[in-house]
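Peer 1: Numbering (the numbering used here), first residue to last: 1284 to 1574.
Pasting a structure here, questions to come.
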């Protein structure tokens, strides 16, 4: 979705905004009227993402921030296209053409304006590169860098894991340590790293952590190239296209099916009101586990 926004809106000037449902801008504390009047005339400078937040830096040191919740969609469509069901916010651009529509069936997501602040997340060796021009929205200041960010601090992440007393999957889902890793991609990355989700973080070696990060990054690269993992029609790109990475899943949602590496039947365990999927041979359960 970020890539679609980058192609479609960067460099364009907002011409008008219409809020169709007040709940969609509930996080904009100055209200609907301010949201609708603050955006026209502003130019979009970039399209950025961290964790589950997307934001469009504007030319007034603020950003239009989006959190999609469970069912939110940001769709680029022709301006003359009939309005969709569950349309919440409509953004038009100077020069006409396509417009940006925020559609959200459950209305758990939303849009709001936020000030850009310096990014204080730790940086690694490539810290001179910052993909977020002008900083990050203030609301994101507690969220760690994304593992695909060239400035992600591998060594600081390894040391932080050593200080935790938890299982590796719980750590991967902790947005204060690493952002963007959800339940599906955590299982897929740990399968690639040959580590069980309950492996205590304090027992991980440098090689283990390197394998975990390599697993996460390779899963991300493949999933992004495939447009993401779409289990239903709500998860689509800005063009309305579903992702195809569900066809490449190695363990997630494959309980009872053979492991793609060794042929052993994949196991499903309850995990934090969700599920974890592992290969019992490739990812043996640790004798001392942390959940």
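For each residue, glycine too, the CB sits at the ideal point set by N, CA and C.
Since this is a predicted model, take the numbers as computed values, not measurements.
Run through the DSSP bridge pairs and tell me what residue 1393 is partnered with.
Peer 2: Answer is 1350.
Peer 1: Quick check on residue 1504: does DSSP put it in helix, strand or coil?
Peer 2: Residue state, collapsed to three classes: helix.
Peer 1: With DSSP as the reference, identify every bridge partner of residue 1356, one or two as the case may be.
Peer 2: DSSP, once it has assigned bridges, lists 1386 as partnering residue 1356.
Peer 1: To which residues does DSSP link residue 1586 through a beta bridge?
Peer 2: A query on residue 1586 cannot be resolved here, the shown segment of the chain reaching from 1284 to 1574 and no further.
Peer 1: What number of angstroms, rounded off, separates the C-alpha of residue 1437 from the C-alpha of residue 1407?
Peer 2: Spanning the two alpha carbons is a distance of roughly 6 Å.
Peer 1: Output needed for residue 1388: all residues of its chain with C-beta closer than 6 Å, excluding positions within five of it in sequence on either side, in chain order.
Peer 2: Excluding residues within five positions, the ones whose Cβ falls inside 6 Å are 1354, 1369.
Peer 1: Cβ atoms of residue 1420 and residue 1397: under 7 Å apart, would you say?
Peer 2: Closer than 7 Å, so yes.
Peer 1: On the premise that residue 1500 lies in contact with residue 1431, defined as a C-beta separation below 8 Å, what is that separation, rounded to the nearest angstrom?
Peer 2: About 6 Å; that satisfies the 8 Å criterion.
Peer 1: Any contact between the region 1315-1325 and the region 1379-1387? By contact I mean 3 or more CB pairs, one from each, below 8 Å.
Peer 2: With a cut-off of 8 Å, the region 1379-1387 and the region 1315-1325 do not count as touching, because too few Cβ pairs lie within range.
Peer 1: Let me check understanding here. Comparing Cα to Cα, which of 1363, 1335, 1539, 1345 lies closest to residue 1352?
Peer 2: If we check each option's Cα against that of residue 1352, 1335 comes out closest.
Peer 1: Output the boundary residues of the beta strand (DSSP E) element that contains residue 1375.
Peer 2: From DSSP, the beta strand (DSSP E) with residue 1375 extends over 1370-1376.
Peer 1: Any heavy atom of the ligand GTP within a distance shorter than 6 Å of the CB on residue 1287?
Peer 2: Among the components of this structure there are no ligands whatsoever, and the ligand GTP is therefore not found.
Peer 1: Output the distance between the C-alpha atoms of residue 1304 and residue 1362, rounded to the nearest integer angstrom.
Peer 2: About 19 Å.
Peer 1: Between the C-alpha atoms of residue 1400 and residue 1417, what's the straight-line distance to the nearest angstrom?
Peer 2: If you take the alpha carbons of residue 1400 and residue 1417, they lie about 7 Å apart.
Peer 1: Rounding to the nearest angstrom, what Cα-Cα distance links residue 1573 and residue 1474 in this structure?
Peer 2: The alpha-carbon atoms of residue 1573 and residue 1474 are separated by roughly 17 Å.
Peer 1: Along the chain, where does the alpha helix (DSSP H) containing residue 1336 start, and where does it finish?
Peer 2: Not the alpha helix (DSSP H): residue 1336 falls in the beta strand (DSSP E), residues 1336-1340.
Peer 1: Could you give the residue range of the alpha helix (DSSP H) that holds residue 1333?
Peer 2: No alpha helix (DSSP H) holds residue 1333; the beta strand (DSSP E) holding it covers 1331-1333.
Peer 1: Can you list, in chain order, the residues of its chain whose CB lies under 6 Å from that of residue 1552, leaving out five sequence neighbours each side?
Peer 2: Answer for residue 1552: 1559, listed in chain order.
Peer 1: Tell me, which residues are paired with residue 1436 by DSSP?
Peer 2: Beta-bridge pairing links residue 1436 to no other residue.
Peer 1: State the beta-bridge partners of residue 1399 as determined by DSSP.
Peer 2: Per DSSP, 1420.
Peer 1: Could you work out which residue in 1314, 1284, 1395, 1317 is closest to residue 1346 when comparing CA atoms only?
Peer 2: Among 1314, 1284, 1395, 1317, the Cα nearest to that of residue 1346 is on 1395.
Peer 1: Between which two residues does the beta strand (DSSP E) holding residue 1319 run?
Peer 2: Not the beta strand (DSSP E): residue 1319 falls in the alpha helix (DSSP H), residues 1315-1321.
Peer 1: Mind checking which residues open and close the alpha helix (DSSP H) that includes residue 1301?
Peer 2: Careful: residue 1301 lies outside any alpha helix (DSSP H), inside the beta strand (DSSP E) at 1297-1302.
Peer 1: Please state the DSSP three-state secondary structure of residue 1539.
Peer 2: Three-state DSSP puts residue 1539 in coil, outside helix and strand.
Peer 1: By Cβ distance, which residues of its chain are closer than 8 Å to residue 1550, with the 5 residues on each side in sequence left out?
Peer 2: Here the set comprises 1538, 1560, 1561, 1562, 1563.
Peer 1: Could you check the C-alpha separation between residue 1287 and residue 1338 for me, to the nearest Å?
Peer 2: Cα to Cα, residue 1287 sits roughly 13 Å from residue 1338.
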